[in-house]
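Asks: Residue numbers (this note's numbering): 8 to 79.
As structure tokens, then:
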């Protein structure tokens with residue numbers, strides 16, 4: 008299944024928060040005007056990092072603080 012995964016010239020992107028499937032901004036990824044997107048699988052970080060959802064737009068971001076927070 009994954010034998011050609013790294014031979015493809017497309018970029019692989021790990022998304023979290025509102026860009027994930029079923030979340031409000033996922034349509035940005037699926038919009039063909041923005042390029043091509045294909046779901047490859049579920050992943051998680053091997054080290055825990057804190058996820059913060061802040062600003063008036065509820066934009067999620069990870070803090071570079073390894074081993075703080077939850078792995079999910």
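Positions of the beta carbon are idealized from the N, C-alpha and C atoms, including for glycine.
By Cβ distance below 7 angstroms, which residues in the same chain neighbour residue 76 in space, the five residues on each side in sequence not counted?
Replies: Excluding sequence neighbours, residue 76 sits near 55, 56, 57, 58.
Asks: Measuring only between beta-carbons, confirm whether residue 18 sits less than 8 angstroms from chain D.
Replies: Judged by its chain identifiers, the structure shown contains no chain D, having just a single protein chain.
Asks: Quick check: the Cα distance between residue 47 and residue 36, rounded to an integer number of angstroms?
Replies: Between residue 47 and residue 36, the C-alpha separation is close to 13 angstroms.
Asks: Could you tell me the boundaries of the alpha helix (DSSP H) in which residue 35 lies?
Replies: It spans 33-37 - the alpha helix (DSSP H) in which residue 35 sits, taken as one unbroken run.
Asks: In chain order, what residues of the same chain lie with their CB nearer than 7 angstroms to the CB of residue 73, ignoring the 5 residues before and after it?
Replies: So the qualifying residues of the chain are 54, 56.
Asks: To the nearest angstrom, report how far apart residue 66 and residue 19 are at their CA atoms.
Replies: Distance between the alpha carbons of residue 66 and residue 19 is about 21 angstroms.
Asks: Taking the alpha-carbon of residue 45 as reference, which of 60, 22, 71, 64 has the nearest alpha-carbon?
Replies: The candidate whose alpha carbon is nearest that of residue 45 is 22.
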